[in-house]
Amino acid sequence: MTAASPAGARRPSLLLVTDLAYEARGRRYCDEDIYLSSQLREAFDVALCHPRDAAALLTGFDTVLVRNSGPVLHYREAYDAFLLRARELGTAVYNPLDGRGDMAGKEYLVEMTAAGLPVIPTVDRAADLAELPDVARYVVKPKLGADSVGLRFVTAAEARAELEAAEGSLLVQPRIDFRHEVSFYFVDHDFQYALYAPDPERRWVLEPYAASAEDLEFARRFIDWNTLDHGIQRVDACRTADGALLLVELEDLNPYLSLDRVGEDVREAFVARLTTSIASLSR
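So for the sequence shown, my numbering puts the first residue at 33; every next one is plus one.
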C-alpha cells in the first residue's frame, strides 16, 4: 500500500460512491466496498455516499470513485444529475466518464456485432432478428440494465414483438450453450486476475482462473477498444462448446470485483495498483 502522507501534509480526498444496502444475487456488494474503503484510507481521506447523494457532494473532494452503486436504472435521474455536475465542475471521476462499454449503455454490443468482433450476436431492431442464429429461445435485456435486471428468455415471435414496442431500448441475443463464464479484471490497461464459474447455472460461484496468452489477447482486444486511460474494467466472456470465447459484457461503470474470491496476495496487489491509478488522476 501507498504510505500515509507526512504529518501536516494535505492528503487527497476521495468520495466513494456506493449503495451499501443494495442486494445482489449471490454477492455482498457492501462487504467489498467496506474493505476497499478501509484500504484506500491509507492514501486518501475517504468518505462514502449513496449514488443519489453524489451530485450534491462533488465539490468537497479531489476525486470521486464510483464503485458498487447498483444498476443506473434504479436512480436514472440522480445519475444524470451526477454526470452533469461532474462535467460542469471538471471533477476527476474514476472511472472517467468517457467509457464506451456499459457506462454508455449496452449499445456497444450491437456495434461490436456489426463490426465482426467476438461477441454474443446482438441486435436492437426487429428487422435485424434474422441475422441472429436460429435458436429455440432468445435473451431480451434493457440497454441500461445491469445485474440481470429486466433480463428475460423469450421465443423469436416474442422477441420481435418486444423490439417493435421498445423503440430502441432493448437488446436481443440468442440463448447459447456454453461451458463456463470467465471474467478478466484490469486496472488501467494492466491485467490483475481472472475468475471463472465452472457451473453455468451458478454464475457467482467463482474460482481463480489461470488465463492463457490467448485468453488475455482476447480480453485486451476489448480493453484497447474502450480507450479508457484509467479505470477498473471487467471483461465478461463465455466459452462456447467449441472452446471459443465470446464477449458477454464490457463492464466499465461499477464492476463488482469478487475480491473475496482471490488470494490475499492478489487482493493486496490489486489495491496497490488501484491506489496508484486513482492518485494519478488528482495530481
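Glycine included, each C-beta is placed from N, C-alpha and C at the ideal position.
Which term fits residue i, buried or exposed, when burial requires 16 or more other beta carbons within 10 angstroms of its beta carbon?
i, result
"residue 259", "exposed"
"residue 237", "exposed"
"residue 183", "exposed"
"residue 50", "buried"
"residue 133", "buried"
"residue 121", "exposed"
"residue 116", "exposed"
"residue 66", "exposed"
"residue 42", "exposed"
To the nearest whole angstrom, what separates the beta carbons of residue i and residue j, a pair I think is in contact under 8 Å?
i, j, result
"residue 317", "residue 172", "The first residue shown for the chain is 33 and the last is 315, placing residue 317 beyond what the model contains."
"residue 262", "residue 220", "6 Å"
"residue 4", "residue 87", "Shown here, the chain extends from 33 to 315; a query on residue 4 therefore has no answer."
"residue 225", "residue 167", "Actually they are not in contact, since the Cβ atoms of residue 225 and residue 167 sit about 33 Å apart, beyond 8 Å."
"residue 144", "residue 279", "7 Å"
CA-CA distance, residue i and residue j?
i, j, result
"residue 84", "residue 103", "12 Å"
"residue 89", "residue 190", "44 Å"
"residue 194", "residue 206", "15 Å"
"residue 188", "residue 165", "11 Å"
"residue 64", "residue 70", "10 Å"
"residue 118", "residue 91", "9 Å"
According to DSSP, is residue i helix, strand or coil?
i, result
"residue 45", "strand"
"residue 69", "helix"
"residue 187", "coil"
"residue 99", "coil"
"residue 34", "Any reading at residue 34 is ruled out, since the residue's pLDDT is 44, under 50, leaving its predicted position unreliable."
"residue 308", "helix"
"residue 255", "helix"
"residue 153", "coil"
"residue 299", "helix"
"residue 209", "coil"
"residue 130", "coil"
Is any heavy atom in the ligand FMN found nearer than 6 Å to the beta carbon of residue i?
i, result
"residue 63", "In terms of ligand content, the structure shown is empty, and the ligand FMN therefore cannot be addressed."
Residues in the same chain with beta-carbon distance under 7 Å from residue i, minus the five sequence neighbours each way, listed in chain order, please.
i, result
"residue 281", "134 and 268"
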